[in-house]
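For reference, the structure is listed below as structure tokens.
Protein chains in written order, with the numbering used here: chain A, 891 to 1002; chain B, 24 to 136.
Quick look at the structure:
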């Protein structure tokens, strides 16, 4: 059974804090993704990575950065959290392009 | 550019009734299409996918979808709804570069007894 885990299910942070969201996959997949999910907007791609130390911007990268030092781990970083970054964050992993993306359970982040 | 439109943000059916969730896509290349389901407070789970093989795709939990190129549609159906089908459903198309998925805005399915 494939598995994508996220370090926290719920997180509360203050405006201006630096926030780290961690994602780990056990599928030996090259590709990993970070999405944010907001009501009425669906999922929007923030960043993805197709290899260690490689990253590409998605549709809404502003205010975020990522880190991939090891194949199995992909971190999303909010350098200075703002209230408009309150959202559900979903991580996913995938092998070849035609293969399935597997999602983690999500981290619900509240920025006060 | 690729895009996905899900018609109806909210669909309500009675238990035992037909479920029909609509998805139309736009793609400049032969599309790879997906349906995912999200139960409350959980991540997304793959229901089924179309990758240019059979046009009628069967998935988990009794769901199926038919790829219709002429209508640019990939609607999701289930003959008889169960209470446990209540969830949010997302249609997605692989982007042109093949690097990521583009998701629709989702349809919330409610099932009443």
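Glycine is no exception: its CB is placed at the ideal position from the N, C-alpha and C atoms.
Interface flag for residue 81 of chain B against chain A is unset, since no Cβ pair is found closer than 7 Å. The beta carbon of residue 901 of chain A is closer than 8 Å to those of 909, 911, 997, 998, 999 and 1000 in its chain, skipping five residues each way along the sequence. Here the alpha carbon of residue 982 of chain A sits roughly 12 Å from the alpha carbon of residue 933 of chain A.
A straight line joining the alpha-carbon of residue 949 of chain A with that of residue 925 of chain A spans about 10 Å. Secondary structure of residue 49 of chain B (DSSP, three-state): strand. Against chain B, the CB of residue 964 of chain A has no partner CB under 7 Å away; the residue lies outside that interface.
The beta carbon of residue 910 of chain A sits no closer than 7 Å to any beta carbon of chain B.
In this chain, residue 1002 of chain A is not harboured by any beta strand (DSSP E), its DSSP state being neither H nor E.
In this structure the segment 65-78 of chain B touches the segment 48-57 of chain B; the number of beta carbon pairs closer than 8 Å is three or more. Secondary structure in the segment 48-104 of chain B: no alpha helix (DSSP H) run of 4 residues or longer lies completely within the stretch.
Taking a Cβ-Cβ threshold of 8 Å, the residues of chain B close to residue 940 of chain A are 122, in chain order.
By the rule that beta-carbons nearer than 7 Å mark a contact, residue 895 of chain A does not touch chain B.
Here residue 134 of chain B is near residue 109 of chain B, since their CB atoms are less than 7 Å apart. The beta carbon of residue 94 of chain B sits closer than 8 Å to those of 47, all from its chain and outside the five residues before and after it, given in chain order.
Under the Cβ criterion (8 Å, minimum of three pairs), the segment 84-92 of chain B does not count as touching the segment 950-962 of chain A. If only uninterrupted beta strand (DSSP E) runs of at least 3 residues are considered, those enclosed by the segment 915-964 of chain A are 921-928, 932-941, 944-947 and 954-960.
Any Cβ of chain A closer than 7 Å to the Cβ of residue 126 of chain B would place that residue at the interface, and such an atom is present. In terms of beta-carbon proximity, residue 935 of chain A lines the interface with chain B, with at least one pair separated by less than 7 Å. Between residue 985 of chain A and residue 896 of chain A, the gap from beta carbon to beta carbon reaches 7 Å or more. Annotation for residue 903 of chain A: the continuous beta strand (DSSP E) segment containing it runs 900-903.
The C-beta distance from residue 65 of chain B to residue 128 of chain B rounds to 18 Å, too long to meet the 8 Å contact threshold.
At the C-beta level, residue 67 of chain B and residue 59 of chain B come within 7 Å of one another.
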